[in-house]
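**Student:** The structure is given below, and queries will be raised subsequently.
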Amino acid sequence: MAQLSDLTPGKKGKIVKVTGRDAIHRRLLDMGVVGGTDFLVEKKAPLGDPIQIKIMGYHLSLRKSEAETIIVE
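Throughout the sequence shown, residue numbering follows our numbering, covering 1167 to 1239 in sequence.
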């Protein structure tokens, strides 16, 4: 298992869990970032912020700090 922020563009994976209990955690869950969901890392800025993924048929851009709270396999 790894953090979403560690993956490079072109990598596919499955979300294991979203850590934390703050507003960002709730927002991620509301957008479909939940355990068992498949995704594809599409783009990643040179310094890692933002990261663009494709999840549930739509494109989602995440800050590096948000991606670090998402555990994937």
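C-beta: ideal position from N, C-alpha, C; glycine also.
Model, not experiment: these values are computed from the prediction.
Would you kindly report the start and end of the unbroken alpha helix (DSSP H) that includes Ser1231?
**Tutor:** Lys1230 to Ala1233
**Student:** Using a threshold of 7 Å, state whether the C-beta atoms of Leu1170 and Ile1221 are closer than that.
**Tutor:** No, they are not a contact pair.
**Student:** On the DSSP letters alone, give me the boundaries of the beta strand (DSSP E) that Leu1206 sits inside.
**Tutor:** Asp1204 to Lys1210
**Student:** Specify, as a first and last residue, the run of the beta strand (DSSP E) that Lys1220 falls within.
**Tutor:** Ile1217 to Ile1221
**Student:** Distance, Cα to Cα, Gly1201 vs Lys1183?
**Tutor:** Straight-line Cα distance between these residues: approximately 5 Å.
**Student:** Looking at the unbroken beta strand (DSSP E) that takes in Gly1176, where does it start and where does it end?
**Tutor:** Neither: Gly1176 is in no beta strand (DSSP E) and is coded neither H nor E.
**Student:** According to DSSP, is Pro1213 helix, strand or coil?
**Tutor:** Note on residue identity: the sequence assigns Leu, not Pro, to residue 1213. Taken through DSSP and simplified to helix, strand or coil, Leu1213 comes out as coil.
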